[in-house]
Amino acid sequence: MRILKSASHEGVPALRLRGKAFHNHLAAQVARDFLRAGFGVWPEYGLRLADGRRDFVDLLAGREGATIACEVETTARHVLENVAKAQALRLTLWIVVPNRQVWSAVARKVRKMPRTLAAAPIQILLVGEVFQRLTSCFPPSSAANTGAENRETIPERKRP
Numbered sequence: 381m382r383i384l385k386s387a388s389h390e391g392v393p394a395l396r397l398r399g400k401a402f403h404n405h406l407a408a409q410v411a412r413d414f415l416r417a418g419f420g421v422w423p424e425y426g427l428r429l430a431d432g433r434r435d436f437v438d439l440l441a442g443r444e445g446a447t448i449a450c451e452v453e454t455t456a457r458h459v460l461e462n463v464a465k466a467q468a469l470r471l472t473l474w475i476v477v478p479n480r481q482v483w484s485a486v487a488r489k490v491r492k493m494p495r496t497l498a499a500a501p502i503q504i505l506l507v508g509e510v511f512q513r514l515t516s517c518f519p520p521s522s523a524a525n526t527g528a529e530n531r532e533t534i535p536e537r538k539r540p
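Each position in the sequence shown, counted from 1, maps to that position plus 380 in our numbering.
Structural data, given as structure tokens:
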């Protein structure tokens, strides 16, 4: 297992994913967004499924107690299998898609799947929405936005 951490957010080391070129290009964009948001990223995270088979999650990302399984989908073909993998890990699943057409097809499959399969939260995001969602759900932690010393205080009025 290789964790990706990058001091510069210019790029991400070449990911060794099992997908085709377009899938891997999108996965690299998503990995870069996770890194920019302060997450560690594990590409092709291996797991053992309930039936004994070994499978992989495209990206596993974690930061300060938050862990997200991320699958990049260029079609809706493998959505149910990928949901099952994330459920095996009992993790929130982010399905990242390249366009609205794939988004709609994935959403239809997710809506139709058995409720027992959807035990953990699932979000479907366009590739361009990932960083925005990360920063809104997991604000950056720095001295500028944490601690009481950074809060503006208003002096109390004395009552006459």
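Glycine residues also receive a C-beta, built at the ideal position from the N, C-alpha and C atoms. Since the model is a prediction, treat every value here as computed from it, not as a measurement.
Three-state class that DSSP yields for residue 505 in the structure shown: Taking the sequence shown and counting its residues from 1, the one referred to as residue 505 is at position 125. Assignment of residue 505 by DSSP, reduced to helix, strand and coil, places it in the strand class.
DSSP state of residue 443, grouped into three classes? Locating residue 443 in the sequence shown gives position 63, counting from the first residue. Residue 443: strand per DSSP, three-state reduction.
Report yes or no: do the region 450–467 and the region 435–442 share at least 3 C-beta pairs separated by less than 8 Å? Yes: at least three Cβ pairs fall under 8 Å.
Buried or exposed for residue 402, please, with buried defined as at least 16 other CB atoms from any protein chain shown within 10 angstroms of its CB. As a position in the sequence shown, residue 402 is number 22, starting the count at 1. Of the other Cβ atoms in all chains shown, fewer than 16 fall within 10 Å of the Cβ of residue 402; this residue is therefore exposed.
Hey, out of 489, 484, 490 and 477, whose CA is closest to residue 508's CA? Indexing the sequence shown from 1 puts residue 508 at position 128. Nearest neighbour of residue 508 by Cα position, chosen from 489, 484, 490 and 477, turns out to be 477.
Residues near residue 447 in its chain [Cβ-Cβ closer than 6 Å; skip 5 each side]: To locate residue 447, count along the sequence shown from 1; it is residue 67. 471, listed in sequence order.
Return the chain-ordered list of same chain residues with a C-beta closer than 8 Å to the C-beta of residue 434, the five sequence neighbours on each side being excluded. Indexing the sequence shown from 1 puts residue 434 at position 54. For residue 434, where only same-chain residues beyond five positions count, the Cβ hits under 8 Å are 426, 427 and 428.
According to DSSP, is residue 406 helix, strand or coil? Translated into the one-based positions of the sequence shown, residue 406 becomes position 26. Secondary structure at residue 406: helix, using DSSP grouped into helix, strand and coil.
If you follow the beta strand (DSSP E) that residue 457 is part of, which residue opens it and which one closes it? Position 77 of the sequence shown, counted from the start, is the residue given in the question as residue 457. For residue 457, there is no enclosing beta strand (DSSP E), as DSSP marks it with neither H nor E.
Nearest by alpha-carbon distance to residue 482: which of 473, 494, 458 and 493 is it? Along the sequence shown, one-based indexing puts residue 482 at 102. If we check each option's Cα against that of residue 482, 458 comes out closest.
So the beta strand (DSSP E) residue 471 belongs to, where does it begin and stop? Mapped onto the sequence shown, residue 471 falls at position 91. No beta strand (DSSP E) contains residue 471, which DSSP labels as neither H nor E.
Is any beta-carbon of chain B found at less than 9 Å from that of residue 437? Checking the listed chains, one finds no chain B in this structure; it contains a single protein chain.
Measuring only from the beta carbon, is residue 426 closer than 8 Å to any heavy atom that is part of the ligand SAH? As presented, the structure is devoid of all ligands, the ligand SAH included, so that no description of it is given.
Check for me: the beta strand (DSSP E) holding residue 429 runs from which residue to which? The sequence position of residue 429 within the sequence shown is 49, counting from 1. Looking at the DSSP string, residue 429 is not in any beta strand (DSSP E), and its letter there is neither H nor E.
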